Structures are given as structure tokens and as C-alpha cells.
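See below for the structure under consideration.
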Amino acid sequence: MWLTGWSDLYAVLVVGLACYLTVVVLLRATGKRTLTKLNAFDFVVTVSIGSLLATGVLDPGTSWAAVATGILLLVVAQWVMAKVTSTWPRSRWFVTAEPTLVVRDGKLLQDALRRSRVAPSEVLQAVRTSGSGSLASVAAVTLEPDGSLSVIPKDSLGDGSALADVPGMSDEVPDVAGLPQPDDGHA
0 MWLTGWSDLY AVLVVGLACY LTVVVLLRAT GKRTLTKLNA FDFVVTVSIG
50 SLLATGVLDP GTSWAAVATG ILLLVVAQWV MAKVTSTWPR SRWFVTAEPT
100 LVVRDGKLLQ DALRRSRVAP SEVLQAVRTS GSGSLASVAA VTLEPDGSLS
150 VIPKDSLGDG SALADVPGMS DEVPDVAGLP QPDDGHA
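Mapping of the sequence shown onto numbering that gives the first Met the number 0: residues 0 to 186, in sequence order.
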């Protein structure tokens, strides 16, 4: 059936616009953190907000208030989780994976690549994108919690403090105040 009546379309337009504006207002009110690269919790919140928005737009039996309350609940939960993980860094393990070292001193770490399901060609692409022409010029490549690859050239390594939370590198770099130290399995 193409159209059951203009009132259905009118309801979709009005509720859809109200839901859209609600999402925009809530996301703006909660800050940039809500829209950053996704960890597991952020992904769940994003998908759930999309589902609630779709339900509010397409299901005439669902009120705007119910959709807005559901979205508010998710945005507040995301804000609380961000606050908890920034206040108590050791709580980050619950929502954020730790970075994984996939290249060290120009050598691909095959076990880490396999465990992380990263192809060597993806690492090579990241190295090229960083402006390096050779793995030999790379001190480290890490698979970040958001899925991106970070390339640290040897000539930019400095004291290596940016790698303080990376298992496999943290034993060689200075402690950085406030960062949880990774478990390298050397306990």
C-alpha cells in the first residue's frame, strides 16, 4: 500500500522533526565527547539512538516523550561513563580496549597482527600515509582502541612517553602521571 492517509505522513513529519531536534539538542548539550571516534560503549549508544529515532519516526504508537526519554537516558549514560573513565582511568578497561603494539623497531609483530585481525597491508598503508617510506624508519605502530593505526617514526619517538600505556613498549618509557600502566604479562 502506498499511502494510508495524509495524517500518517503528517505524524511522521512532525514526530520525525521533533525527534531529530531532540537528538541534536542533547548531543550539543553533552559536548564533543559524544561524537568522537567510537569505543564499544559509544558504538552501542550510537546504534541505540538511531534505533530509537527510527522507532519514533516510523511507529505512530510511540510518543515523542518516550523517544526523547530513551535518547536522554542513553546520552546521560554515555556522559556518566565518560566522566567515570576520565576520573578513574583504571575503569577504562570496561569500555575501551588498550592499544596494541603491531610494529616495534621496524618489525611487524605477527602474533599481535593475528590476534587483532589486522592485515600487514593495513599497517603498510598506515606507514605510507604517515609519510614514511620504510618500516625500518618506524619505531612503533599501535592499533588504537578506536581501530585506527598510529605510526611513530624513529626520529619522532623522543622519550617515548606517548607509548606509556602500550603493552610491549611501556617497560622502556617513563611513567606518565595519571595513566594506568598496562599489564605486559611480566608480573
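Glycine is no exception: its CB is placed at the ideal position from the N, C-alpha and C atoms.
Please read these numbers as outputs of a predicted model, since none were measured by experiment.
DSSP places residue 142 in the strand class (E or B) of the three-state scheme. The Cβ atoms of residue 135 and residue 100 lie no closer than 8 Å to each other. Counting only the Cα atoms, residue 48 lies some 10 Å from residue 18. Look at residue 99 here: in three-state DSSP terms it is strand. Residue state for residue 137 is assigned as strand, using DSSP reduced to three classes. In the three-state reduction of the DSSP assignment, residue 115 falls in the helix class, which pools H, G and I. The three-state reading of DSSP puts residue 14 in helix, counting H, G and I together.
For residue 165, no beta strand (DSSP E) run applies, since DSSP gives it neither H nor E.
Ranked by how close their Cα comes to the Cα of residue 116, the residues 163, 62, 130 and 148 have 148 in first place. The DSSP-derived three-state label of residue 152 is strand.
When secondary structure is reduced to three states using DSSP, residue 25 falls in the helix class. For the options 79, 82 and 72, the alpha carbon positioned closest to that of residue 21 is the one of 72.
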